[in-house]
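First comes the structure, then the notes that go with it.
Numbering (this note's numbering), first residue to last: 20 to 469.
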(Lines of atoms letter the chains of each structure in order from A and count residues from 1; the text may use other names and numbers.)
(Lines give C-alpha, C1' and ligand atoms only; values in the text may rest on other atoms or scores of the structure.)
Protein backbone atom coordinates (compact mmCIF):
# COMPACT_ATOMS: atom_id res chain seq x y z
CA UNK A 1 0.00 0.00 0.00
CA UNK A 2 1.36 3.44 0.84
CA UNK A 3 4.96 4.47 1.09
CA UNK A 4 6.54 7.29 3.05
CA UNK A 5 5.79 10.55 1.26
CA UNK A 6 5.36 14.09 2.44
CA UNK A 7 1.57 13.86 2.14
CA UNK A 8 1.51 10.84 4.41
CA UNK A 9 3.05 12.86 7.21
CA UNK A 10 -0.13 14.90 7.64
CA UNK A 11 -1.43 12.17 9.94
CA UNK A 12 0.30 13.70 12.97
CA UNK A 13 -1.68 15.41 15.73
CA UNK A 14 -3.10 18.63 14.33
CA UNK A 15 -4.90 21.78 15.42
CA UNK A 16 -8.66 21.42 14.75
CA UNK A 17 -8.49 24.18 12.14
CA UNK A 18 -5.83 22.22 10.26
CA UNK A 19 -8.16 19.20 10.28
CA UNK A 20 -11.00 21.32 8.88
CA UNK A 21 -8.71 22.72 6.18
CA UNK A 22 -7.53 19.23 5.27
CA UNK A 23 -11.10 17.98 4.89
CA UNK A 24 -12.20 20.94 2.77
CA UNK A 25 -8.94 21.14 0.76
CA UNK A 26 -8.43 24.71 1.99
CA UNK A 27 -5.13 26.54 2.21
CA UNK A 28 -4.43 29.18 4.85
CA UNK A 29 -5.19 31.75 2.15
CA UNK A 30 -8.56 30.14 1.42
CA UNK A 31 -9.57 30.55 5.07
CA UNK A 32 -8.34 34.14 5.09
CA UNK A 33 -10.39 34.86 1.95
CA UNK A 34 -13.55 33.36 3.48
CA UNK A 35 -13.23 35.57 6.54
CA UNK A 36 -12.30 38.67 4.51
CA UNK A 37 -15.34 38.38 2.22
CA UNK A 38 -17.71 38.28 5.19
CA UNK A 39 -16.01 40.94 7.32
CA UNK A 40 -14.60 43.30 4.68
CA UNK A 41 -11.26 42.85 6.42
CA UNK A 42 -7.83 41.98 5.12
CA UNK A 43 -7.18 38.57 3.57
CA UNK A 44 -3.88 38.00 5.33
CA UNK A 45 -3.08 34.30 5.45
CA UNK A 46 -0.51 34.90 8.21
CA UNK A 47 -3.24 35.48 10.77
CA UNK A 48 -4.75 32.07 9.92
CA UNK A 49 -1.33 30.49 10.38
CA UNK A 50 -1.12 32.13 13.82
CA UNK A 51 -4.56 30.75 14.75
CA UNK A 52 -3.20 27.26 14.14
CA UNK A 53 0.37 27.54 15.37
CA UNK A 54 0.54 30.33 17.93
CA UNK A 55 -2.68 29.66 19.80
CA UNK A 56 -4.08 33.03 18.75
CA UNK A 57 -7.88 33.20 18.96
CA UNK A 58 -9.80 34.81 16.07
CA UNK A 59 -12.09 37.69 16.94
CA UNK A 60 -15.83 37.02 17.20
CA UNK A 61 -16.56 38.42 13.73
CA UNK A 62 -13.97 36.14 12.08
CA UNK A 63 -15.27 33.10 13.94
CA UNK A 64 -18.84 33.91 12.89
CA UNK A 65 -17.75 34.14 9.24
CA UNK A 66 -15.98 30.81 9.39
CA UNK A 67 -18.87 29.16 11.25
CA UNK A 68 -21.32 30.35 8.60
CA UNK A 69 -19.15 28.83 5.88
CA UNK A 70 -19.05 25.53 7.81
CA UNK A 71 -22.79 25.54 8.65
CA UNK A 72 -22.10 25.59 12.38
CA UNK A 73 -24.83 27.35 14.43
CA UNK A 74 -23.58 30.52 16.09
CA UNK A 75 -24.99 29.26 19.37
CA UNK A 76 -22.53 26.36 19.22
CA UNK A 77 -19.69 28.81 18.58
CA UNK A 78 -20.60 30.66 21.74
CA UNK A 79 -21.22 27.52 23.79
CA UNK A 80 -18.10 25.59 22.85
CA UNK A 81 -15.62 28.40 22.27
CA UNK A 82 -12.53 28.39 20.07
CA UNK A 83 -11.42 25.93 18.76
CA UNK A 84 -13.96 23.52 20.30
CA UNK A 85 -16.75 24.41 17.89
CA UNK A 86 -14.75 23.46 14.79
CA UNK A 87 -16.28 20.27 13.29
CA UNK A 88 -13.14 18.14 13.41
CA UNK A 89 -14.67 15.19 15.26
CA UNK A 90 -12.89 16.17 18.48
CA UNK A 91 -9.68 14.71 19.89
CA UNK A 92 -9.01 11.02 20.38
CA UNK A 93 -8.47 10.80 24.10
CA UNK A 94 -5.62 8.47 25.02
CA UNK A 95 -5.56 9.42 28.70
CA UNK A 96 -8.53 7.55 30.17
CA UNK A 97 -7.64 5.37 33.20
CA UNK A 98 -6.80 1.72 32.53
CA UNK A 99 -9.79 0.56 34.60
CA UNK A 100 -13.42 -0.44 34.16
CA UNK A 101 -14.47 3.17 34.73
CA UNK A 102 -11.91 4.31 32.17
CA UNK A 103 -13.20 1.74 29.68
CA UNK A 104 -16.76 3.03 30.03
CA UNK A 105 -15.61 6.63 29.54
CA UNK A 106 -13.58 5.62 26.48
CA UNK A 107 -16.49 3.67 24.98
CA UNK A 108 -18.89 6.57 25.60
CA UNK A 109 -16.48 8.97 23.91
CA UNK A 110 -16.08 6.61 20.95
CA UNK A 111 -19.80 6.03 20.51
CA UNK A 112 -20.48 9.77 20.57
CA UNK A 113 -17.85 10.69 17.99
CA UNK A 114 -16.93 7.71 15.79
CA UNK A 115 -19.99 7.32 13.58
CA UNK A 116 -20.24 10.95 12.35
CA UNK A 117 -16.44 11.21 12.04
CA UNK A 118 -15.52 10.89 8.36
CA UNK A 119 -11.77 11.62 8.58
CA UNK A 120 -9.86 9.84 5.86
CA UNK A 121 -6.58 10.13 7.74
CA UNK A 122 -5.13 9.28 11.15
CA UNK A 123 -5.60 11.79 13.96
CA UNK A 124 -3.27 9.98 16.38
CA UNK A 125 0.22 9.75 14.93
CA UNK A 126 2.34 6.64 15.15
CA UNK A 127 4.37 7.91 18.11
CA UNK A 128 1.20 8.49 20.15
CA UNK A 129 0.05 4.96 19.32
CA UNK A 130 3.42 3.49 20.31
CA UNK A 131 3.11 5.31 23.65
CA UNK A 132 -0.38 3.86 24.11
CA UNK A 133 0.97 0.38 23.38
CA UNK A 134 3.67 0.92 25.99
CA UNK A 135 1.03 1.80 28.58
CA UNK A 136 -0.91 -1.33 27.63
CA UNK A 137 2.22 -3.42 28.19
CA UNK A 138 2.95 -1.87 31.59
CA UNK A 139 -0.46 -1.49 33.25
CA UNK A 140 -1.77 -4.13 35.66
CA UNK A 141 -5.33 -5.46 35.54
CA UNK A 142 -7.76 -4.36 38.26
CA UNK A 143 -11.07 -5.88 39.38
CA UNK A 144 -14.16 -5.54 37.20
CA UNK A 145 -16.66 -3.16 38.79
CA UNK A 146 -20.35 -3.12 37.86
CA UNK A 147 -22.15 0.17 37.43
CA UNK A 148 -24.98 -0.99 39.79
CA UNK A 149 -27.45 1.40 38.20
CA UNK A 150 -29.91 -1.11 36.73
CA UNK A 151 -31.14 -4.71 36.73
CA UNK A 152 -28.83 -7.66 37.14
CA UNK A 153 -27.68 -9.63 34.11
CA UNK A 154 -26.51 -13.23 34.12
CA UNK A 155 -24.49 -15.62 31.98
CA UNK A 156 -27.34 -16.79 29.67
CA UNK A 157 -27.81 -13.22 28.41
CA UNK A 158 -24.07 -12.80 27.91
CA UNK A 159 -23.90 -16.10 26.02
CA UNK A 160 -26.75 -14.99 23.78
CA UNK A 161 -24.93 -11.75 22.98
CA UNK A 162 -21.66 -13.62 22.36
CA UNK A 163 -23.43 -16.02 20.01
CA UNK A 164 -23.96 -13.16 17.58
CA UNK A 165 -20.24 -12.48 17.09
CA UNK A 166 -19.59 -15.18 14.43
CA UNK A 167 -22.46 -13.82 12.34
CA UNK A 168 -21.13 -10.27 12.65
CA UNK A 169 -17.62 -11.36 11.63
CA UNK A 170 -18.99 -13.17 8.58
CA UNK A 171 -21.17 -10.23 7.57
CA UNK A 172 -18.30 -7.75 7.89
CA UNK A 173 -16.04 -9.95 5.78
CA UNK A 174 -18.71 -10.65 3.15
CA UNK A 175 -20.31 -7.21 2.86
CA UNK A 176 -17.29 -4.98 3.42
CA UNK A 177 -16.63 -2.29 5.99
CA UNK A 178 -18.75 0.55 4.53
CA UNK A 179 -21.89 -1.60 4.79
CA UNK A 180 -21.18 -3.32 8.11
CA UNK A 181 -19.92 -0.49 10.32
CA UNK A 182 -23.37 0.90 11.24
CA UNK A 183 -24.55 -2.49 12.52
CA UNK A 184 -21.35 -3.02 14.52
CA UNK A 185 -21.63 0.46 16.05
CA UNK A 186 -25.22 -0.29 17.13
CA UNK A 187 -24.18 -3.61 18.71
CA UNK A 188 -21.34 -1.92 20.59
CA UNK A 189 -23.70 0.81 21.78
CA UNK A 190 -26.10 -1.79 23.19
CA UNK A 191 -23.36 -3.69 25.02
CA UNK A 192 -21.88 -0.47 26.40
CA UNK A 193 -25.31 0.53 27.69
CA UNK A 194 -25.61 -2.78 29.55
CA UNK A 195 -22.14 -2.37 31.04
CA UNK A 196 -23.04 1.10 32.28
CA UNK A 197 -26.55 0.45 33.58
CA UNK A 198 -26.69 -3.15 34.81
CA UNK A 199 -25.26 -4.97 37.79
CA UNK A 200 -23.34 -8.20 37.35
CA UNK A 201 -20.78 -10.52 38.85
CA UNK A 202 -17.06 -10.13 38.16
CA UNK A 203 -17.20 -13.06 35.73
CA UNK A 204 -20.16 -11.65 33.81
CA UNK A 205 -18.55 -8.20 33.75
CA UNK A 206 -15.35 -9.67 32.34
CA UNK A 207 -17.28 -11.43 29.56
CA UNK A 208 -19.14 -8.23 28.74
CA UNK A 209 -15.89 -6.28 28.57
CA UNK A 210 -14.45 -8.90 26.21
CA UNK A 211 -17.57 -8.63 24.07
CA UNK A 212 -17.26 -4.84 23.91
CA UNK A 213 -13.56 -5.14 23.06
CA UNK A 214 -14.22 -7.49 20.14
CA UNK A 215 -17.12 -5.37 18.87
CA UNK A 216 -14.90 -2.28 19.05
CA UNK A 217 -12.19 -4.16 17.15
CA UNK A 218 -14.64 -5.17 14.43
CA UNK A 219 -16.14 -1.67 14.23
CA UNK A 220 -12.62 -0.29 13.96
CA UNK A 221 -11.76 -2.72 11.20
CA UNK A 222 -14.91 -1.91 9.22
CA UNK A 223 -14.13 1.82 9.55
CA UNK A 224 -10.53 1.20 8.49
CA UNK A 225 -11.77 -0.77 5.48
CA UNK A 226 -14.08 2.12 4.61
CA UNK A 227 -11.15 4.55 4.70
CA UNK A 228 -12.37 6.28 7.89
CA UNK A 229 -9.10 6.20 9.78
CA UNK A 230 -9.91 8.50 12.67
CA UNK A 231 -13.06 6.51 13.45
CA UNK A 232 -11.01 3.31 13.31
CA UNK A 233 -8.59 4.73 15.87
CA UNK A 234 -11.45 5.72 18.16
CA UNK A 235 -12.86 2.19 18.17
CA UNK A 236 -9.49 0.48 18.49
CA UNK A 237 -8.16 2.59 21.35
CA UNK A 238 -11.34 2.06 23.39
CA UNK A 239 -11.35 -1.64 22.49
CA UNK A 240 -7.76 -1.93 23.69
CA UNK A 241 -8.78 -0.60 27.10
CA UNK A 242 -11.73 -2.99 27.28
CA UNK A 243 -9.53 -5.98 26.42
CA UNK A 244 -7.01 -4.87 29.04
CA UNK A 245 -9.68 -4.43 31.74
CA UNK A 246 -10.95 -7.94 30.95
CA UNK A 247 -7.44 -9.37 31.23
CA UNK A 248 -7.28 -10.68 27.65
CA UNK A 249 -3.73 -9.97 26.48
CA UNK A 250 -4.17 -11.79 23.17
CA UNK A 251 -7.18 -9.72 22.12
CA UNK A 252 -5.31 -6.55 23.09
CA UNK A 253 -2.39 -7.72 20.96
CA UNK A 254 -4.74 -8.26 18.03
CA UNK A 255 -5.98 -4.67 18.33
CA UNK A 256 -2.40 -3.37 18.54
CA UNK A 257 -1.72 -5.43 15.40
CA UNK A 258 -4.52 -3.56 13.61
CA UNK A 259 -3.05 -0.21 14.65
CA UNK A 260 0.27 -1.43 13.27
CA UNK A 261 -1.36 -2.13 9.91
CA UNK A 262 -2.91 1.32 9.89
CA UNK A 263 0.53 2.88 10.39
CA UNK A 264 1.84 0.64 7.59
CA UNK A 265 -0.87 1.88 5.23
CA UNK A 266 0.06 5.48 6.07
CA UNK A 267 3.76 4.96 5.43
CA UNK A 268 4.73 5.14 9.13
CA UNK A 269 6.83 2.01 8.91
CA UNK A 270 9.03 2.43 11.99
CA UNK A 271 5.94 3.04 14.13
CA UNK A 272 4.24 0.06 12.50
CA UNK A 273 7.19 -2.12 13.44
CA UNK A 274 7.23 -0.85 17.04
CA UNK A 275 3.52 -1.58 17.42
CA UNK A 276 3.82 -5.04 15.86
CA UNK A 277 6.70 -5.88 18.22
CA UNK A 278 4.64 -4.67 21.19
CA UNK A 279 1.78 -6.94 20.11
CA UNK A 280 4.08 -9.98 20.06
CA UNK A 281 5.74 -9.05 23.35
CA UNK A 282 2.48 -8.38 25.17
CA UNK A 283 0.31 -11.20 23.87
CA UNK A 284 1.23 -13.63 26.64
CA UNK A 285 0.72 -17.38 26.20
CA UNK A 286 -1.05 -17.80 22.87
CA UNK A 287 -1.76 -20.62 20.44
CA UNK A 288 0.63 -21.29 17.54
CA UNK A 289 -1.88 -19.88 15.03
CA UNK A 290 -2.23 -16.67 17.04
CA UNK A 291 1.53 -16.26 17.35
CA UNK A 292 2.04 -16.91 13.63
CA UNK A 293 -0.53 -14.20 12.87
CA UNK A 294 1.22 -11.67 15.12
CA UNK A 295 4.68 -12.57 13.82
CA UNK A 296 3.57 -12.06 10.23
CA UNK A 297 2.38 -8.56 11.02
CA UNK A 298 5.83 -7.87 12.49
CA UNK A 299 7.45 -9.41 9.41
CA UNK A 300 5.44 -7.14 7.12
CA UNK A 301 6.53 -4.08 9.06
CA UNK A 302 10.15 -5.25 8.95
CA UNK A 303 9.87 -5.74 5.18
CA UNK A 304 8.47 -2.23 4.78
CA UNK A 305 11.51 -0.97 6.73
CA UNK A 306 13.71 -2.90 4.24
CA UNK A 307 15.12 -5.08 7.03
CA UNK A 308 15.53 -8.24 4.97
CA UNK A 309 17.28 -10.35 7.59
CA UNK A 310 14.75 -9.54 10.30
CA UNK A 311 11.82 -10.13 7.96
CA UNK A 312 13.19 -13.51 6.85
CA UNK A 313 13.79 -14.53 10.48
CA UNK A 314 10.24 -13.61 11.43
CA UNK A 315 8.81 -15.39 8.39
CA UNK A 316 10.67 -18.57 9.30
CA UNK A 317 9.45 -18.41 12.90
CA UNK A 318 5.88 -17.73 11.76
CA UNK A 319 6.04 -20.68 9.37
CA UNK A 320 7.18 -22.95 12.20
CA UNK A 321 4.28 -21.78 14.37
CA UNK A 322 1.77 -22.16 11.54
CA UNK A 323 2.92 -25.74 10.98
CA UNK A 324 2.01 -26.43 14.62
CA UNK A 325 -1.49 -24.96 14.29
CA UNK A 326 -4.26 -27.55 14.27
CA UNK A 327 -7.81 -28.08 15.44
CA UNK A 328 -6.54 -29.40 18.77
CA UNK A 329 -5.61 -25.89 19.89
CA UNK A 330 -8.18 -23.61 21.49
CA UNK A 331 -7.68 -20.72 19.06
CA UNK A 332 -9.52 -17.45 19.74
CA UNK A 333 -12.51 -17.13 17.43
CA UNK A 334 -11.08 -13.95 15.92
CA UNK A 335 -8.18 -15.93 14.42
CA UNK A 336 -10.61 -17.84 12.20
CA UNK A 337 -9.66 -15.77 9.14
CA UNK A 338 -5.99 -16.69 9.53
CA UNK A 339 -5.91 -19.90 7.52
CA UNK A 340 -3.20 -21.23 5.15
CA UNK A 341 -4.49 -18.97 2.38
CA UNK A 342 -4.08 -15.87 4.54
CA UNK A 343 -0.67 -17.07 5.70
CA UNK A 344 0.56 -17.35 2.09
CA UNK A 345 -0.99 -13.99 1.17
CA UNK A 346 0.75 -12.18 4.03
CA UNK A 347 4.03 -13.92 3.21
CA UNK A 348 3.64 -12.81 -0.40
CA UNK A 349 3.21 -9.19 0.66
CA UNK A 350 6.45 -9.36 2.63
CA UNK A 351 8.33 -10.58 -0.44
CA UNK A 352 6.68 -7.94 -2.63
CA UNK A 353 7.80 -5.18 -0.26
CA UNK A 354 11.33 -6.58 -0.31
CA UNK A 355 11.44 -6.46 -4.12
CA UNK A 356 11.04 -10.22 -4.67
CA UNK A 357 8.16 -10.32 -7.19
CA UNK A 358 8.68 -13.95 -8.24
CA UNK A 359 8.48 -15.24 -4.67
CA UNK A 360 5.53 -12.95 -4.01
CA UNK A 361 3.75 -14.19 -7.12
CA UNK A 362 4.21 -17.82 -6.03
CA UNK A 363 2.68 -17.18 -2.61
CA UNK A 364 -0.17 -15.05 -3.99
CA UNK A 365 -1.06 -17.81 -6.45
CA UNK A 366 -1.08 -20.36 -3.63
CA UNK A 367 -3.22 -18.08 -1.46
CA UNK A 368 -5.76 -17.45 -4.22
CA UNK A 369 -6.02 -21.16 -5.00
CA UNK A 370 -6.77 -21.94 -1.34
CA UNK A 371 -9.13 -19.03 -0.64
CA UNK A 372 -12.90 -19.74 -0.52
CA UNK A 373 -14.92 -18.12 -3.30
CA UNK A 374 -17.17 -16.36 -0.77
CA UNK A 375 -14.31 -14.22 0.57
CA UNK A 376 -14.80 -11.49 -2.03
CA UNK A 377 -12.85 -8.81 -0.18
CA UNK A 378 -9.77 -10.95 0.49
CA UNK A 379 -9.85 -12.38 -3.03
CA UNK A 380 -9.95 -8.84 -4.39
CA UNK A 381 -7.07 -7.73 -2.17
CA UNK A 382 -4.71 -10.46 -3.23
CA UNK A 383 -5.79 -10.53 -6.87
CA UNK A 384 -4.84 -6.85 -7.08
CA UNK A 385 -1.57 -7.46 -5.24
CA UNK A 386 -0.82 -10.37 -7.55
CA UNK A 387 -1.42 -8.09 -10.53
CA UNK A 388 1.29 -5.78 -9.24
CA UNK A 389 3.80 -8.64 -9.22
CA UNK A 390 2.99 -9.36 -12.88
CA UNK A 391 3.61 -5.70 -13.69
CA UNK A 392 6.92 -5.84 -11.83
CA UNK A 393 7.90 -8.91 -13.88
CA UNK A 394 7.01 -7.25 -17.20
CA UNK A 395 3.65 -8.93 -17.90
CA UNK A 396 1.33 -5.92 -18.09
CA UNK A 397 -1.31 -7.79 -20.12
CA UNK A 398 -1.85 -10.37 -17.38
CA UNK A 399 -1.78 -7.64 -14.75
CA UNK A 400 -4.67 -5.90 -16.55
CA UNK A 401 -6.55 -9.21 -16.76
CA UNK A 402 -6.21 -9.70 -12.99
CA UNK A 403 -7.26 -6.12 -12.23
CA UNK A 404 -10.37 -6.53 -14.38
CA UNK A 405 -11.17 -9.75 -12.51
CA UNK A 406 -10.83 -7.98 -9.16
CA UNK A 407 -13.33 -5.21 -9.90
CA UNK A 408 -16.51 -7.35 -9.52
CA UNK A 409 -15.10 -8.64 -6.22
CA UNK A 410 -14.64 -5.09 -4.94
CA UNK A 411 -18.16 -4.26 -6.06
CA UNK A 412 -19.53 -7.28 -4.18
CA UNK A 413 -17.69 -6.33 -0.96
CA UNK A 414 -17.03 -2.57 -1.09
CA UNK A 415 -13.68 -1.57 0.38
CA UNK A 416 -12.01 1.81 0.08
CA UNK A 417 -8.65 0.13 0.71
CA UNK A 418 -9.15 -2.28 -2.18
CA UNK A 419 -10.34 0.49 -4.49
CA UNK A 420 -7.19 2.44 -3.61
CA UNK A 421 -5.04 -0.64 -4.18
CA UNK A 422 -6.57 -1.15 -7.61
CA UNK A 423 -5.93 2.49 -8.53
CA UNK A 424 -2.32 2.19 -7.37
CA UNK A 425 -1.85 -0.98 -9.41
CA UNK A 426 -3.30 0.75 -12.47
CA UNK A 427 -0.83 3.64 -12.02
CA UNK A 428 2.08 1.19 -12.16
CA UNK A 429 1.16 -0.17 -15.59
CA UNK A 430 3.86 0.75 -18.15
CA UNK A 431 1.27 1.39 -20.88
CA UNK A 432 -0.02 4.71 -22.25
CA UNK A 433 -3.47 5.93 -21.26
CA UNK A 434 -4.68 5.70 -24.85
CA UNK A 435 -3.92 1.94 -25.01
CA UNK A 436 -7.27 0.14 -25.62
CA UNK A 437 -6.80 -2.26 -22.70
CA UNK A 438 -5.92 0.57 -20.34
CA UNK A 439 -8.92 2.60 -21.50
CA UNK A 440 -11.22 -0.34 -20.80
CA UNK A 441 -9.64 -0.85 -17.38
CA UNK A 442 -10.04 2.84 -16.56
CA UNK A 443 -13.74 2.63 -17.43
CA UNK A 444 -14.17 -0.33 -15.09
CA UNK A 445 -12.21 1.35 -12.29
CA UNK A 446 -14.42 4.42 -12.62
CA UNK A 447 -17.41 2.30 -11.62
CA UNK A 448 -15.86 1.79 -8.17
CA UNK A 449 -16.21 5.47 -7.33
CA UNK A 450 -19.48 6.05 -9.15
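All residues carry an ideal CB built from backbone N, CA and C; glycine is no exception.
At a Cβ-Cβ threshold of 7 Å, residue 372 and residue 322 count as neighbours. A residue is called buried when at least 16 other Cβ atoms come within 10 angstroms of its Cβ; residue 356 does not meet this threshold and is exposed. Taking the Cα positions, residue 443 is about 13 Å away from residue 408. For the set 354, 316, 353, 395, the Cα lying nearest the Cα of residue 367 is the one of 316. For residue 206, the uninterrupted alpha helix (DSSP H) segment begins and ends at 196-216.
Secondary structure at residue 226: helix, using DSSP grouped into helix, strand and coil. Listed as beta-bridge partners of residue 171 by DSSP are 218. Look at residue 369 here: in three-state DSSP terms it is helix. Here residue 173 is exposed. Its C-beta has fewer than 16 other C-beta atoms within 10 Å. Between the stretch 85-94 and the stretch 221-236, the count of Cβ pairs shorter than 8 Å is below three; the stretches do not touch.
For the 7 Å CB-CB criterion, residue 242 and residue 251 form a contact.
Straight-line spacing of the CA atoms in residue 328 and residue 289 works out to 16 Å.
Ranked by Cα distance from residue 340, the options 370, 320, 307 are led by 307. C-alpha of residue 44 to C-alpha of residue 37: approximately 10 Å in a straight line. In the three-state scheme derived from DSSP, where H, G and I count as helix and E and B as strand, residue 184 is classed as helix. Judged by DSSP secondary structure, residue 282 falls within the alpha helix (DSSP H) whose first and last residues are 268-284.
Here DSSP, grouped into helix, strand and coil, assigns residue 324 to coil. In this structure, residue 203 sits near residue 238, with a CB-CB distance shorter than 7 Å.
If you check the CB distance, residue 319 and residue 274 do not come in under 7 Å. By the 16-neighbour rule on beta-carbons within 10 angstroms, residue 129 is buried.
When the beta-carbon positions are compared, residue 207 and residue 229 stay at least 7 Å from each other. A straight-line Cα-Cα distance of about 20 Å links residue 199 and residue 440.
Here DSSP, grouped into helix, strand and coil, assigns residue 46 to coil. DSSP places residue 419 within a helical segment (H, G or I) once states are collapsed to three. When only Cα atoms are considered, residue 152 and residue 294 end up about 7 Å apart.
Exclusion of the five residues before and after residue 431 leaves 395 as the residues of its chain whose Cβ lies within less than 7 Å of its Cβ. Boundaries of the alpha helix (DSSP H) around residue 66: 64-72. Taking residue 53 as the centre and dropping the five residues before and after it, the same chain places the C-beta of 84, 85, 88 closer than 7 Å to its C-beta, in chain order. Residue 298 and residue 351 have their C-alpha atoms spaced approximately 15 Å apart. Note on residue 435: 16 or more other CB atoms within 10 angstroms of its CB, so buried under the neighbour-count rule. For the set 336, 331, 358, the Cα lying nearest the Cα of residue 346 is the one of 358. Taking residue 401 as reference, the option from 414, 424, 220 with the minimal CA-CA separation is 424. Its Cα nearest to that of residue 279, the residue 313 stands out among 210, 313, 437, 39.
With a cutoff of 7 Å on beta-carbon distance, residue 429 and residue 438 are scored as near each other. For residue 122, the CB contacts under 6 Å within the same chain, skipping 5 residues up- and downstream, are 260, 261, 264 in chain order. Counting along the chain, no alpha helix (DSSP H) covers residue 60, and no H or E run does either.
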